[in-house]
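Residue numbers (the working numbering), protein chains in the order written: chain A, 1 to 293; chain B, 294 to 512.
Before any comments, here is the structure.
The following block contains the structure:
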């Protein structure tokens, strides 16, 4: 009997090797060991999450979104309309615009799936669903992608943090990018080790990124950070599929991300006191919002 | 690991923030349930982070939605002010600069169509969960996650056992029960969280048959 409980990348790799299963299946088997849901229950819950994710992309791209402050809401549409001219190409443009679309829906009190948080909710659905649509993946494959991403997120949450208040933006959009990079790599036939390389590189790329929301709101710079998070995920998966590896192993990257989060001044961890939130323009926006009645 | 796959992929929620949106809706829902969904008037004051970032997070809209009976996962939350206008219920929201004990705090006044009035303080304690810390001047503590019976009474011996025996007679199982009082032999309050809801007939039986009870409400 294999014990399917893992709390690090190394343990996850051992399970995948011994049971000859992908990361997505290891995640499902660990969830089964909690004895709260059976396999059908887990799959059904993930299917509903996938549907809500799909709907949030559709809503963000097709319906007009106006964030509560009125500062944001149209940027995803602008980028989407520019698809044919974009240097990053059609597929990447659709992915990035979708990540922004979901975050715009979140900022305008729409329905989203936290993945792993509401502030970073655009990255994973954008990467999985747009890639899936472009390559005719089945619903089951996309659900497996969500499970793979969940395993990576659980390890990060356990050994570091997924909350901006404790780890800065690296913990939110960085974790989401790592999750999406790993999931995308599995869907493209990458091995569990390659998935961890992709996740590690994604975290390394934004190591130390601060959480500095203007006026304390999940709008600026969060929506654009979801865009770069989705691009980060795709880039890292591409690098790994091309044979590139992370020099620093995943677990060590996660530990260093935790340490960097602890070194981060509290002004740079969601308090809206430092970084972009402290700029004169941000202060003007904050004062304007305070004057709304 | 103590976390679940669904702590990472999920929850499904209304943006932008679980404590400022879902938590605020749940604080508002307490008012709706106190008056059995028949809200005549209400008034909200936001404190701390609720007051500071509440406008941008839609906390004011979310709490009004809850008062009108909208649930935390419903997409109609964002139209709450329109819903209030349609229902012809005036719900002003004030932003206070007073420092509260808990950063995410709201004080809610609600009046039912039957004229009954309640004022309570609710706090959003993270992940969309809430705690009510005061109701009609009595310090209390409950979450609203269970059906809850709140009984205001004179602090004299025997009241608690009489109330619990009526509940037992109706086969209503008590999950948690706490009593609070302002001073010995003065006004007191019991908060009883139950597995199944306390229906209106049982609530009336408690008010009419137990001496010393001033009022009882359910949510």
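Every residue gets a Cβ at the ideal spot worked out from N, C-alpha and C, and that includes glycine.
Note that the coordinates shown come from a computational prediction; the quantities given were computed from them, not determined experimentally.
Should residue i be counted as a contact of the ligand ATP given a C-beta to heavy atom distance under 7 angstroms?
i                      : result
residue 207 of chain A : Looking at this structure, you won't find the ligand ATP or any other ligand, since it has none at all.
Does residue i have its Cβ less than 8 angstroms from a Cβ in chain B?
i                      : result
residue 18 of chain A  : no
residue 31 of chain A  : yes
residue 184 of chain A : no
residue 72 of chain A  : no
residue 108 of chain A : yes
residue 112 of chain A : yes
residue 69 of chain A  : yes
residue 27 of chain A  : yes
residue 289 of chain A : yes
residue 118 of chain A : yes
residue 115 of chain A : yes
residue 197 of chain A : no
What first and last residue would you give for the beta strand (DSSP E) that runs through residue i?
i                      : result
residue 427 of chain B : 422 to 428
residue 404 of chain B : 397 to 405
residue 471 of chain B : 467 to 474
residue 447 of chain B : 441 to 447
residue 412 of chain B : 410 to 419
residue 284 of chain A : First-last for residue 284 of chain A: 280 to 291, but that is the alpha helix (DSSP H), not the beta strand (DSSP E).
residue 435 of chain B : 431 to 435
residue 483 of chain B : 480 to 487
residue 386 of chain B : 386 to 388
residue 113 of chain A : 111 to 113
Count the other CB atoms, across all protein chains shown, that sit within 10 Å of the CB of residue i; report buried if there are 16 or more and exposed otherwise.
i                      : result
residue 97 of chain A  : buried
residue 445 of chain B : buried
residue 494 of chain B : exposed
residue 299 of chain B : buried
residue 420 of chain B : exposed
residue 64 of chain A  : exposed
residue 19 of chain A  : exposed
residue 35 of chain A  : exposed
residue 38 of chain A  : exposed
residue 319 of chain B : buried
residue 387 of chain B : exposed
residue 293 of chain A : Annotation note: pLDDT 46 at residue 293 of chain A (below 50); position unreliable, coordinate value reported separately. So residue 293 of chain A ends up on the exposed side.
residue 501 of chain B : exposed
residue 479 of chain B : exposed
Can you tell me the Cβ-Cβ gap for residue i and residue j, rounded? I've got them flagged as a contact below 8 angstroms.
i                      : j                      : result
residue 411 of chain B : residue 423 of chain B : No, residue 411 of chain B and residue 423 of chain B are not in contact; Cβ-Cβ is about 16 angstroms, not under 8 angstroms.
residue 506 of chain B : residue 425 of chain B : So it is not a contact: roughly 20 angstroms between Cβ atoms.
residue 268 of chain A : residue 206 of chain A : Incorrect: roughly 14 angstroms between the Cβ atoms, too far for contact.
residue 137 of chain A : residue 50 of chain A  : Their Cβ separation, rounded to whole angstroms, is 11 angstroms, which puts residue 137 of chain A and residue 50 of chain A out of contact at 8 angstroms.
residue 291 of chain A : residue 186 of chain A : 49 angstroms between Cβ atoms; not a contact.
residue 143 of chain A : residue 43 of chain A  : 6 angstroms
residue 94 of chain A  : residue 173 of chain A : So it is not a contact: roughly 19 angstroms between Cβ atoms.
residue 71 of chain A  : residue 220 of chain A : 6 angstroms
residue 14 of chain A  : residue 159 of chain A : Residue 14 of chain A to residue 159 of chain A, Cβ: 16 angstroms. No contact.
On the DSSP letters alone, give me the boundaries of the alpha helix (DSSP H) that residue i sits inside.
i                      : result
residue 129 of chain A : 123 to 134
residue 256 of chain A : 250 to 263
residue 52 of chain A  : 39 to 62
residue 346 of chain B : 342 to 350
residue 370 of chain B : Run containing residue 370 of chain B: none; DSSP gives neither H nor E here.
residue 105 of chain A : 89 to 107
residue 220 of chain A : Careful: residue 220 of chain A lies outside any alpha helix (DSSP H) and carries neither H nor E.
residue 194 of chain A : 192 to 205
residue 452 of chain B : 452 to 462
residue 14 of chain A  : 9 to 19
residue 497 of chain B : 493 to 502
residue 147 of chain A : 139 to 159
residue 301 of chain B : 298 to 301
Report yes or no: is there a C-beta of chain A within less than 8 angstroms of the C-beta of residue i?
i                      : result
residue 462 of chain B : no
residue 359 of chain B : no
residue 356 of chain B : no
residue 483 of chain B : no
residue 395 of chain B : no
residue 430 of chain B : no
residue 417 of chain B : no
residue 345 of chain B : yes
residue 349 of chain B : yes
residue 320 of chain B : no
residue 389 of chain B : no
Could you run through the segment 210 to 230 of chain A and flag, in chain order, every residue whose CB is less than 8 angstroms away from some CB of chain B? 215, 216, 217, 218, 219
Please identify, using Cβ separations under 9 angstroms, the residues of the segment 140 to 156 of chain A that lie next to chain B, in order along the chain. 146, 147, 149, 150, 151, 152, 153, 154, 155, 156
Selection of the segment 1 to 15 of chain A by Cβ proximity to chain B, strictly under 9 angstroms: 5, 6, 7
Could you name the residues of the segment 34 to 58 of chain A whose beta carbon sits closer than 8 angstroms to any beta carbon of chain B, in the order they occur along the chain? 34, 36, 42, 45, 46, 48, 49, 52
In the segment 85 to 107 of chain A, which residues sit with their C-beta less than 8 angstroms from some C-beta in chain B, listed in chain order? 105, 106, 107
Any residues in the segment 361 to 372 of chain B with a beta carbon nearer than 8 angstroms to a beta carbon of chain A? Which ones, in chain order? 366, 368, 370, 371
Looking at chain A, which residues of the segment 299 to 317 of chain B have a Cβ within less than 8 angstroms of any of its Cβ atoms? 299, 300, 301, 302, 303, 304, 305, 306, 307, 308, 309, 310, 311, 314
Of all the residues that make up the segment 121 to 137 of chain A, which are near chain B by a beta-carbon distance shorter than 7 angstroms? none
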